[in-house]
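A.B. asks:
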Amino acid sequence: MPPTAPHPEPPALTGVPVVDISATGPTRTPIQQVMELMRTHGPVLVRRLHGRDALFVADADLIADLADEDRFAKHIGPALENVRAFAADGLFTAYNDEPNWAKAHDILMPAFALGSMRAYHPVMLKVARRLIEAWDRSARAGQPVDVPGDMTRMTLDTIGLAGFDYDFGSFERAEPHPFVESMVRCLEWSMTRLARVPGGDCTAADAAFRKDADYLAGVVDEVIAARTGTDQSGAADLLGLMLTAQHPADGTTLDTANIRNQVITFLIAGHETTSGAMSFALYYLAKHPAVLRLVQREADALWGDTADPEPSYDDIGRLTYTRQVLNEALRLWPTAAAFSREAREDTLLGGRVPLRAGQAVSVLVPMLHRQPVWGDNPELFDPDRFTAEAEAARPVHAFKPFGTGERACIGRQFALHEATLLLAMLVHRYRLHDHADYALD
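The sequence shown begins at 74 in the working numbering and counts up one residue at a time.
Below you can see the structure in the form of structure tokens.
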């Protein structure tokens, strides 16, 4: 659906509460705002803002229905349409019928299969050691560490090196890399643009955005140009694959503009998801010493008293409890907190919510992860929710931190391997202490 296409007028939804927030508008934390609305009005509601309605759901049965690829597809809503201004037809923001989505997906999917993580493991380990060196310096100086900031540095350097053989050198900088600052401002522009009042003068904001977007494109174009025309036969990264791989069906390759869009997409998604998951996991470990001891015991059993171990690729698969901790952190606060689906044709969602063809439904993932299927205490941090037995007993669509269907996050195995490796190395080397009694907003 093109960005200028009209949004279908939704039919009246009998029994679905309509909550008008026009008087207050979206808050600084719009996801938490809708979560609070759902706590009051239930897991299915319409949020009305200046006459425009948006249907949100967190009901597990409805989301299982939305996972039906024959009846529903990914929806590119207004927020993602804004991201298209600098990521265009990258995997995350491409429309379902854009040819470059299927081409890039088919070419890149093998690079993100579970077995492919073996090739990325040495780079992940190299960058993890950079973070550890920085934390060692802080420990010697008696200084606290900036967990979210350092997780962002680590994951950006990892995707840069593993994906494109480009070193951002984030731990050598006192301030974030200019690419990160421009990327953050572009994402902020894409969100604040949603709340613009008609008739307002946004010339300066749009000009600043354009400057940042041009900078992102320029950096990426330099990376691509340095590799174009050179022998890529031995390249083991994503960029080498994108420059050389042919589509298995028709032999076509990705054009330069689409490669740029994919690189920008991976740099945005590849560092944001993992850094968020790691930050929340470390927060919950600091708040739950008994769980922390179990994670440490698992890592110590693998690596003994070695202060600086050499984790192998196969070691990561043995860190089952560490993975449970990460999954539980992603359950409570998934980095991708919402995703949208659209009806392929007129239908009844769950047999009770009428939808017209093209109408969007937004899934509020943190509230899905707090539904009754998770038990009587869904706000409690409990990694035992992700034992093999517990997962087998739970509906398959109850856990959606990476979206759903063919448009789910292609890099989820990359993110989980990286996060599991780093979390185990950190708890093995350090004894974590929440010195400031930090509380989530």
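A virtual CB, placed ideally from N, CA and C, is assigned to each residue, including glycine.
Can you find the residues in the same chain that come closer than 8 Å, C-beta to C-beta, to Val-196, ignoring five residues on each side of it along the sequence?
C.D. replies: Excluding sequence neighbours, Val-196 sits near Thr-231, Leu-234 and Ala-235.
A.B. asks: If the criterion is Cβ atoms closer than 8 Å, does the pair Leu-405 and His-442 meet it?
C.D. replies: yes
A.B. asks: Do you know how far the Cα of Gln-105 is from the Cα of Leu-204?
C.D. replies: Straight-line Cα distance between these residues: approximately 31 Å.
A.B. asks: Closer than 7 Å by C-beta to Ala-278: which residues in its own chain qualify, once you throw out the five before and the five after it? Chain order, please.
C.D. replies: For Ala-278, where only same-chain residues beyond five positions count, the Cβ hits under 7 Å are Trp-262.
A.B. asks: Just the C-alpha distance for Pro-151 and Leu-267, rounded to the nearest angstrom, thanks.
C.D. replies: When only Cα atoms are considered, Pro-151 and Leu-267 end up about 7 Å apart.
A.B. asks: For Ala-509, does the three-state DSSP call read helix, strand or coil?
C.D. replies: coil
A.B. asks: Once the 5 residues before and after Asn-456 are set aside, which same chain residues still bring their CB inside 7 Å of it?
C.D. replies: For clarity, residue 456 is Pro in the given sequence; the question names Asn instead. Hits under 7 Å: Val-364, Tyr-394, Gln-397, Val-398 and Glu-401.
A.B. asks: Quick check: the segment 418 to 438 against the segment 378 to 391, are there 3 or more CB pairs under 8 Å?
C.D. replies: no
A.B. asks: Looking only at C-alpha atoms, which of Pro-321, Asp-323, Ala-322 and Ala-298 sits nearest to Leu-312?
C.D. replies: Ala-298
A.B. asks: Can you give the beta carbon distance from Val-117 to Val-426, rounded, assuming they're within the 8 Å contact cut?
C.D. replies: 7 Å
A.B. asks: Checking the sheet assignment: what are the DSSP bridge partners for Phe-129?
C.D. replies: Leu-118 and Ser-435
A.B. asks: State the start and end residues of the unbroken beta strand (DSSP E) segment that holds Leu-327.
C.D. replies: Leu-327 -> no beta strand (DSSP E), and no H or E assigned at all.
A.B. asks: State the start and end residues of the unbroken beta strand (DSSP E) segment that holds Lys-147.
C.D. replies: Boundaries of the beta strand (DSSP E) harbouring Lys-147: 145 to 147, taken from the DSSP string.
A.B. asks: Please classify Gln-319: is it buried, with 16 or more other beta-carbons within 10 angstroms of its beta-carbon, or exposed?
C.D. replies: exposed
A.B. asks: Classify Tyr-193: buried if its beta carbon has 16 or more other beta carbons within 10 angstroms, exposed otherwise.
C.D. replies: Tyr-193 counts as buried, since at least 16 other C-beta atoms from the protein chains shown sit within 10 angstroms of its C-beta.
A.B. asks: Hey, Ile-389 and Leu-494 are a contact pair by Cβ (cut 8 Å); roughly how many whole angstroms apart?
C.D. replies: 6 Å
A.B. asks: What residue ranges within the segment 267 to 315 form continuous alpha helix (DSSP H) runs of no fewer than 4 residues, ordered along the chain?
C.D. replies: 276 to 300
A.B. asks: Quick one: what's got a C-beta closer than 8 Å to Thr-325's C-beta in the same chain, skipping five residues either side?
C.D. replies: Lys-176 and Gln-319
A.B. asks: Please name the residue in Asp-141, His-114, Asp-143 and Glu-142 whose C-alpha comes closest to that of Phe-129.
C.D. replies: His-114
A.B. asks: Buried or exposed: where does Pro-75 fall if 16 or more other Cβ atoms within 10 Å of its Cβ makes it buried?
C.D. replies: Any reading at Pro-75 needs caution, since the residue's pLDDT is 46, under 50, leaving its predicted position unreliable; the model's value is listed next. The C-beta of Pro-75 has fewer than 16 other C-beta atoms within 10 Å across all chains shown, which makes the residue exposed.
A.B. asks: Would you mind giving the Cβ-Cβ distance between Leu-153 and Thr-166, rounded to the nearest angstrom? I have them listed as a contact below 8 Å.
C.D. replies: 5 Å
A.B. asks: With which residues is Val-92 paired in a DSSP beta bridge?
C.D. replies: DSSP output for Val-92 lists Arg-120 as bridge partner(s).
A.B. asks: One question on the structure: do Arg-414 and Leu-164 come within less than 8 Å of each other, judged by their Cβ atoms?
C.D. replies: The answer is no: Cβ separation not under 8 Å.
A.B. asks: Going along the chain, which unbroken runs of the beta strand (DSSP E) with 3 or more residues stay wholly within the segment 414 to 490?
C.D. replies: 420 to 422, 426 to 428 and 433 to 437
A.B. asks: Whose C-beta lies closer than 8 Å to the C-beta of Gly-448 among residues of the same chain, with five residues either side of it excluded?
C.D. replies: Arg-458
A.B. asks: At the level of alpha carbons, what is the spacing between Ala-78 and Asp-328?
C.D. replies: With a pLDDT of only 47 at Ala-78, under 50, the local geometry of the prediction cannot be trusted, and the value read off the model is given with reservation. Computed Cα separation, rounded: 26 Å.
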